[in-house]
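Structure, as structure tokens:
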Amino acid sequence: MNRRYVDVVLGSVLIAAAILILTREGLAQGGVETQLGSMFMPRVVAGLILIFAAMIAIASLRQIIAQSPLAPQETIATEGLGGVLIYVGIFAAYWWLLPTLGFVVATSAAMFAIAVLLGGRSWLAMAAISIAVPVVTFYGCRELIRVYLPEWSL
Amino acid sequence: MLSNIIGGFTAVLAPAPMLGIALGVCVGIVFGAIPGISGIMAIAIMLPLTFYFDPVVGIVTLLAVYKAGIYGGSISAILINTPGAAASFLTSLDGHALARAGKAGKALCLALYASVTGEVLATLVLIFVAAPISLLSLQAGPIEKVWLLVFAFTVVGSMTGESVPRGLLSCCLGMLFAMVGMSAVTGAARLTFGIPELLSGFTFLPLLIGVLVMPEVVEGVRRRKTPQHELVLRHSPDPADNRLSFREYRSVFGTILKSTGIGTVVGALPGLGSSAAAFLAYGEAKRASKEPESFGKGSLHGIAAAESSNNAVCGSSMIPMLTLSIPGDDVTALLMGAFLIHGITPGPTIFYEHTDTIYAIFAGFLMVDLLLLVIARFGFRFWMRVASVRTCFIFPCVFAFAVIGAFTTNQSLNDILILLVFTVLGYGMRLVGLNPAAFIIGFILMPIFEQNLDQAVSIVGGDYLRLLGSPIGWGFIALAALSVWSAIRMNRKTRLRALAASQ
Chain A
1 MNRRYVDVVL GSVLIAAAIL ILTREGLAQG GVETQLGSMF MPRVVAGLIL
51 IFAAMIAIAS LRQIIAQSPL APQETIATEG LGGVLIYVGI FAAYWWLLPT
101 LGFVVATSAA MFAIAVLLGG RSWLAMAAIS IAVPVVTFYG CRELIRVYLP
151 EWSL
Chain B
1001 MLSNIIGGFT AVLAPAPMLG IALGVCVGIV FGAIPGISGI MAIAIMLPLT
1051 FYFDPVVGIV TLLAVYKAGI YGGSISAILI NTPGAAASFL TSLDGHALAR
1101 AGKAGKALCL ALYASVTGEV LATLVLIFVA APISLLSLQA GPIEKVWLLV
1151 FAFTVVGSMT GESVPRGLLS CCLGMLFAMV GMSAVTGAAR LTFGIPELLS
1201 GFTFLPLLIG VLVMPEVVEG VRRRKTPQHE LVLRHSPDPA DNRLSFREYR
1251 SVFGTILKST GIGTVVGALP GLGSSAAAFL AYGEAKRASK EPESFGKGSL
1301 HGIAAAESSN NAVCGSSMIP MLTLSIPGDD VTALLMGAFL IHGITPGPTI
1351 FYEHTDTIYA IFAGFLMVDL LLLVIARFGF RFWMRVASVR TCFIFPCVFA
1401 FAVIGAFTTN QSLNDILILL VFTVLGYGMR LVGLNPAAFI IGFILMPIFE
1451 QNLDQAVSIV GGDYLRLLGS PIGWGFIALA ALSVWSAIRM NRKTRLRALA
1501 ASQ
């Protein structure tokens, strides 16, 4: 994938966000009055983001128009990105189901799914690790460092 | 100073710190040795565990992970020609050539001895240089600190990114995310868009693991169809091929000394890191060698230069972080976070407010080198096996530990959501050439900058020109401008060289 198009889109989004921070009132609520005010630094940083995002977007736009050859770092490798989406999906489902299924069940399932996604086919070893790690860490955290990981709530 | 150092050794030579160091060394070597998993991942995963340790134990454990992780990278570089850490790329050139010739033992021994020598010498520089620098930086008030931090932002942003605008944009994005939530200066709720969960801001650890660690797992998932290198070892029947003699060590000692010097200087400059140090030292060793053609084909000098320089960076990169509170790269940013979590604020006053702790940490640095030498040397066979563990067993465990690390801070499910969001953001940043390390450094330094700016403005009242009245401040402004100018010049040179090469 040509990264220059991504640069232009991303630059535009960041410029829009920076303009929002620079112009919109009410982004800071409450607090004491100081010489600089609560929104001084966010606005300075937003101004800088606007400048740098514009520099990147304009440079990429000029190269798109000039149709100059792509440098190696300007190509985004897309092979395998489907797996990345599945990984993010597993992670999102894990977060969603964690309060219901509890840490041990949800983590075991997620670890096994990730191992399969990574191409693992040693089912027994993968299952053993996927069950042992969450069980050991669950009880280890509870007994040793008093961290109570989420429990099954069905 | 001597009494402080002796006091430091007394504190570290106790069962708890020594166990912490031994644990850190083992974890660091394991994570460093497995290709695709870096030492920084190990530090981020170990960080929540150290919350429950004494600050000295916790921090020396993390330092042990850091140092051992850099050395661990050389194991997979030598054995399977796949550097476990970017800095070990050059080690793989000569080390793997030796391993193919049946001399893996010799290459591993040299990598270990060069690493430990480089680390010890750089640590001594850290011990003897850091305190005097902190004395100088004690002269700085809020106005000077504001300019110092401006220098830090510009140097880190301009040196770490793929280009100057991308590096600085990464840093600014980190600064912006740091301002979400309750302002530490005014108490106002900023940029929360009415979401009450954002009032306390983004929790540091999930954000850090999400931006720095998880994208490596995601990249592993993307490359899941790329075959992993198999560990195939050839053993030479001659025992001399599997060890390093004192004569051989002495013959490369000059290269180790010179490369350690290069690594120490490069490490003390923010933004360059261990890879740059290794390339510079390797280039210099090749230039000065009587047999430059042997480099890349199993040269002992090549391994010695790459390993001693990239390990020397570990010690010296702590100098700007401890004395000026400028983390030079992602690992020192992470370690600075660890110091802050343990209630120790890096900066000029650290040597006066936490004298015992800081000298105990220095002593811990040297003990890490000793234990690294012992544990790595006697566990060669085990570490060789570790280097070939498949990612389908390791990455699911990293996922579980990352989730536990994120959850542990506040025992809140929102932190797991933050981890997910910043995993996606961190991976996206890599795809578009933004720098995660600059992002994290911006995130860590922003609150310190804002507090100092508020104090500086209170001092000058309405006369803002007085902000430009300090000679130390002028120095930092000049350094900031110089860093941006030199980064632009360096990028232009690289671009022209690439253009010339393509033609």
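For the protein sequence lines, the chains are A and B, in the order given.
For what it's worth, this note's numbering labels the leading residue of the first sequence as 1, then goes sequentially.
For what it's worth, this note's numbering labels the leading residue of the second sequence as 1001, then goes sequentially.
Just so you know, even glycine gets a beta-carbon here, dropped at the ideal spot from N, CA and C.
For residue 1134 of chain B, the closest alpha carbon among the candidates B:1330, B:1347, B:1089, B:1293 is that of B:1347. In terms of CA proximity to residue 1438 of chain B, B:1155 leads the group B:1181, B:1155, B:1139. According to the DSSP assignment, residue 1004 of chain B belongs to the alpha helix (DSSP H) that extends over 1002–1012. CA-to-CA, the gap between residue 32 of chain A and residue 118 of chain A works out to about 52 Å.
Annotated three-state conformation of residue 1214 of chain B is helix, per DSSP. Taking a C-beta cut-off of 7 Å against chain B, the contacting residues of the stretch 83–101 of chain A are 83, 84, 87, 88, 91, 92, 95, 98, 99, listed in chain order. Within the same chain, and ignoring the five residues on either side of residue 1446 of chain B in sequence, the residues whose Cβ sits closer than 6 Å to its Cβ are 1175, 1178. Between the stretch 1184–1195 of chain B and the stretch 54–63 of chain A, the count of C-beta pairs closer than 8 Å stays below three; the two stretches do not touch. Secondary structure at residue 63 of chain A: helix, using DSSP grouped into helix, strand and coil.
In the DSSP assignment, residue 1344 of chain B falls outside any alpha helix (DSSP H) and carries neither an H nor an E. Near chain A, meaning a CB-to-CB distance below 8 Å, no residue of the stretch 1020–1048 of chain B qualifies. Of all residues in the stretch 123–138 of chain A, only 125, 126, 129, 130, 133, 134, 137 come within less than 8 Å of chain B when Cβ atoms are compared, listed by chain position. For residue 3 of chain A, the nearest CB of chain B lies under 9 Å from its own CB, placing it at the interface with that chain. Here residue 1088 of chain B has 1073, 1074, 1077 as same chain residues with Cβ atoms under 6 Å from its own Cβ, once five neighbours each way along the sequence are excluded. It is roughly 8 Å from the alpha-carbon of residue 1258 of chain B to the alpha-carbon of residue 1281 of chain B.
In its chain, beyond the 5 residues on either side, 1266 have a beta carbon closer than 7 Å to the beta carbon of residue 1276 of chain B. Close partners of residue 147 of chain A in chain B (Cβ separation under 7 Å): 1408, 1411. By the C-beta criterion, the stretch 1327–1343 of chain B is judged not to be in contact with the stretch 133–146 of chain A, since fewer than 3 inter-stretch pairs fall below 8 Å.
The Cβ of residue 33 of chain A sits closer than 9 Å to at least one Cβ of chain B. When beta bridges are read from the DSSP output, residue 1190 of chain B appears opposite A:28, B:1181.
If you ignore the 5 residues before and after residue 1129 of chain B, its C-beta comes within less than 7 Å of the C-beta of 1319, all in its own chain and listed in chain order. Residue 2 of chain A is bridged by DSSP to A:75.
Inclusion of residue 1094 of chain B and residue 1298 of chain B in the CB contact set at 9 Å is warranted, their separation being smaller than that value. Residues 1016, 1017, 1020 of the same chain have their beta carbon placed closer than 6 Å to that of residue 1057 of chain B, with the five preceding and five following residues left out of the count.
Secondary structure remark: continuous beta strand (DSSP E) runs of at least 3 residues inside the stretch 80–124 of chain A: none found. Linking residue 1110 of chain B to residue 1264 of chain B through their CA atoms gives a straight-line distance of about 20 Å.
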